[in-house]
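The structure under discussion appears below in the form of structure tokens.
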Amino acid sequence: MPVISYREALNQAMREEMERDENVFIMGEEVGHYNGAYKVTQGLLQRFSERRVIDAPIAEMGFAGVGVGAAMVGLRPIIEFMTFNFSLVAIDQIINNAAKIFQMSGGQFNIPIVFRGPSGPAVQVGSQHSQALESFYAHVPGLSVILPSTPYDAKGLLKAAIRNDNPVVFMEGETLYGSTGEVPDEEYVLPIGKGDIKRAGQHITLVAWSRMVHTCLDAAKELAKDGIEAEVVDPRTLRPLDVPIIVESVHKTGRCVIVEVGWPVAGFGAEVAYQVQKHCLDALDAPVERVTSDDVPMPYAKNLEDQVQPQVADVIAAVRRALYLE
Amino acid sequence: MTTPDTARIEADLPLPTSVDELTPLYRQMLAIRRLEEASAKAYSQGKIGGFLHLIIGQEAVCVGAIATLKPEDYVVATYREHGHAYAKGVAARPIMAELYGKKTGLVKGLGGSMHLFDKATNFLGGYGIVGGHVPLAAGVAFASKYRGDGRVVLCFFGEGSSTIGGFAEGLALAALWKLPVVLICENNQYSMGTPLYRSLAVEDVSLRALAHGMPRDRFDGDDVIKVKRRIAEAVERARTTGEPTLVEVVTYRFRGHSMSDPGLYRTKDEVEEWKRRDPLGKARAHLLELGLAPEKLDDLEADVKAEIEDAVKFAEDSEPADAYLPYVMKGGA
Chain U
1 MPVISYREAL NQAMREEMER DENVFIMGEE VGHYNGAYKV TQGLLQRFSE
51 RRVIDAPIAE MGFAGVGVGA AMVGLRPIIE FMTFNFSLVA IDQIINNAAK
101 IFQMSGGQFN IPIVFRGPSG PAVQVGSQHS QALESFYAHV PGLSVILPST
151 PYDAKGLLKA AIRNDNPVVF MEGETLYGST GEVPDEEYVL PIGKGDIKRA
201 GQHITLVAWS RMVHTCLDAA KELAKDGIEA EVVDPRTLRP LDVPIIVESV
251 HKTGRCVIVE VGWPVAGFGA EVAYQVQKHC LDALDAPVER VTSDDVPMPY
301 AKNLEDQVQP QVADVIAAVR RALYLE
Chain S
327 MTTPDTARIE ADLPLPTSVD ELTPLYRQML AIRRLEEASA KAYSQGKIGG
377 FLHLIIGQEA VCVGAIATLK PEDYVVATYR EHGHAYAKGV AARPIMAELY
427 GKKTGLVKGL GGSMHLFDKA TNFLGGYGIV GGHVPLAAGV AFASKYRGDG
477 RVVLCFFGEG SSTIGGFAEG LALAALWKLP VVLICENNQY SMGTPLYRSL
527 AVEDVSLRAL AHGMPRDRFD GDDVIKVKRR IAEAVERART TGEPTLVEVV
577 TYRFRGHSMS DPGLYRTKDE VEEWKRRDPL GKARAHLLEL GLAPEKLDDL
627 EADVKAEIED AVKFAEDSEP ADAYLPYVMK GGA
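Sequence order for the protein chains is U and S.
Read left to right, the first sequence gives residues 1 to 326 (the numbering used here).
Read left to right, the second sequence gives residues 327 to 659 (the numbering used here).
Now the structure itself:
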């Protein structure tokens, strides 16, 4: 199977869906002539022309709203935010328009739109460019929220998002673009709302998404040296959340650590913890643990930045607490 | 570049028209007024809840503007949109039933006064976040351009929208991408309770078009024929060249911002002065001048009264709204 980057996988997904459906277009800052600030849209302008690959000026609220309006009358826009940090100035369009128009119109107008772009903490870019915003979007009924951790998931889920008849917030890992993985040549589409076991294990369940999946996999490797086999569950989509895959795993392991790179207060991990205690109370052998970033805006200095975010050692420490090894 | 500036002042004389042209416009304005009066009454009886923003006094703007459209053209409006929906072809019954929160309401009791939508007539909504629908309207026009189908979008908003980012960005993108949208500022001179001089450094909203090289227009909105003629120019421009226009129509709402607003920020004299320019009174007088028989007018007015009474009865008699879960996402949440 070919090994390609997360970036290429996303590019393939958009290219294939644009070939497949004339109504799909991409709009955002630097997506065309510049080939994308993160090169995710590389080559799409050449292939599809300025009609379908539209460079927008710096007006996120404006072009996000243009996308919603176009979707309302049947086009299928992919709106790229250069980073999801900038989606905050467009959040009215996402929450008050994209997510609500189907409801407000009594089911007359659905909004088939994808808002996508890099998200999550990056490296030494300061607090305004380095944050995890998935918990904000996962809060909103009417949206689907997807955070793929691998090239395979990225391609299959982006294709699903583009074909979805409702608004999708598709949050790519800003630090994952160069990561690589196997992606088949044959076409495939992954279901939205289905998680994936990224590593099987019987002693403890680690729930994580996006880059934290890799942190958990690294931690699992270390733990295995001590004979602790961790199961890494990647829900891949936070809304709708695949509760059964998590519940099934915790019923097997009896212990659960939820790892997220976002802030602790009202972070999505709290919802996962609620679901786990509700559905697995009898199976739990220890309180559910959470690992999150510190409750602070992201600092710039590399040493402080690392200190703020969950590291492999933090995950291992949480696992040991849940196993009463501390 | 040279900016085309199409704004102009015309002598305040009745424009040439005919009984055939003016009668249906007068009927629509009257129906909207009676609809609004009936909803105000129902609101005061506690039968309609939430916010209720009446358009009484401003009817000539939506009626004159929407009269220029083809059925396949689109309208995007604000939360003061009952009249716009009616003018686009939505019947009084489902509008009133929606205000009552009934199952037979236009959007099944899920939207209420501020969120009327109707796919069948291409009425793309009432929006409650000031200015947030301006980029959306530009996006609908983007779709027209993308498909090359010649459909035009009318986007209505108040002058209070002109200070928020959504308006600025929607205007900028419509101009940059030459989108076939007519942006219609219904300047009723009060942003809720704040008069123009306390909210705008430059009170002429249409001037914003000039910075974007966009055609503009500005005129009084008390003559429905004038509104129709001038909006028709902008619609024609959008349809033939794809270019947007910013049009400011100066108007006045006779009631408060919403039902909870007694309007203490303006004088009785001022309101009375504007009521003397009532677009309905003007159109009615004009029809008589044009030779419409008074008994025909009586018939028309009785017909409108019956239509709205029927809508109220329909709303009263309808079943309560009964479902919300199927309307979160298409295909189910």
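Positions of the beta carbon are idealized from the N, C-alpha and C atoms, including for glycine.
Small disclaimer: the values here were computed from a predicted structure and weren't measured.
- For U:Y177, the number of other beta carbons within 10 angstroms of its own is at least 16, and it is reported as buried.
- The three-state secondary structure of U:D234, taken from DSSP, is strand.
- Counting along the chain, the unbroken beta strand (DSSP E) around S:I510 starts and ends at 507-513.
- The beta-carbon of S:Y405 is placed no less than 9 Å from the nearest beta-carbon of chain U.
- Residue environment analysis places S:Y523 among the exposed positions, since fewer than 16 neighbouring C-beta atoms fall within 10 angstroms of its C-beta.
- Nearest CB-CB separation between U:D92 and chain S: below the 9 Å threshold.
- Residues of the same chain with a CB within less than 7 Å of the CB of U:F86, apart from the 5 flanking positions on each side, are E60 in chain order.
- Under the DSSP assignment, U:E60 falls in the alpha helix (DSSP H) whose first and last residues are 60-72.
- Three or more Cβ pairs closer than 8 Å define a contact, and the region 463-473 of chain S falls short of that threshold against the region 430-438 of chain S.
- About 6 Å separates the Cβ atoms of U:I113 and U:I79, confirming a contact at the 8 Å cut-off.
- Using beta-carbon distances, S:E635 does not count as an interface residue toward chain U, since no partner is under 9 Å.
- Secondary structure note for U:I4: it is in no alpha helix (DSSP H), and the uninterrupted beta strand (DSSP E) holding it is 3-5.
- Taking 7 Å as the Cβ-Cβ cut-off, the region 459-481 of chain S approaches chain U at P461, L462, A463, A464, G465, V466, F468, A469, Y472, given in chain order.
- A straight-line Cα-Cα distance of about 43 Å links S:V416 and U:R236.
- Across the structure, S:G568 and U:A56 are spaced so that their CA atoms are roughly 18 Å apart.
- According to DSSP, S:K428 shares a beta bridge with S:P646.
- The closest CA to that of S:G657, considering only U:L143, U:S249, U:M212, is found on U:L143.
- Taking all protein chains shown into account, S:N448 has 16 or more neighbouring C-beta atoms within 10 Å of its C-beta and is therefore buried.
- Taking U:L10 as the centre and dropping the five residues before and after it, the same chain places the C-beta of V40, A154, L158 closer than 6 Å to its C-beta, in chain order.
- Put simply, the backbone Cα of S:A649 is about 35 Å away from that of S:R473.
- Assignment of U:P77 by DSSP, reduced to helix, strand and coil, places it in the strand class.
- For U:L158, the uninterrupted alpha helix (DSSP H) run begins and ends at 151-163, by DSSP.
- Per DSSP, the continuous alpha helix (DSSP H) segment holding U:V315 begins and ends at 312-322.
- Non-local C-beta neighbours of U:T150 in its own chain, meaning closer than 6 Å and more than five positions away in sequence, comprise G181, ordered along the chain.
- Looking at the backbone, the Cα of S:N513 and that of S:E485 are separated by about 5 Å.
- Distances from the CA of S:K552 to each of S:E398, S:H410, S:H612 were compared; the closest alpha carbon is that of S:H612.
- A straight-line Cα-Cα distance of about 13 Å links S:P506 and S:A498.
- In this structure, the alpha-carbon of S:D543 lies about 28 Å from that of S:F443.
- Counting C-beta atoms within 10 angstroms of its own C-beta, S:E635 has fewer than 16 neighbours from the protein chains shown and is therefore classed as exposed.
- With respect to chain S, the C-beta atom of U:R51 has a partner C-beta closer than 9 Å.
- For S:S365, the CB contacts under 8 Å within the same chain, skipping 5 residues up- and downstream, are I374, L378, L380, H408, M422, L425, S439 in chain order.
- Taking the Cα of S:K639 as reference, the smallest distance to any Cα among S:K396, S:P420, S:R353, S:I455 is reached at S:P420.
- Just measuring C-alpha positions, the residue of U:A322, U:V315, U:Q311, U:E271 sitting nearest U:V288 is U:A322.
- When Cβ-Cβ separations below 9 Å define contact, S:W600 makes no contact with chain U.
- Inclusion of U:V259 and U:P310 in the CB contact set at 9 Å is warranted, their separation being smaller than that value.
- Between S:R359 and S:E574, the alpha-carbon positions lie close to 22 Å from each other.
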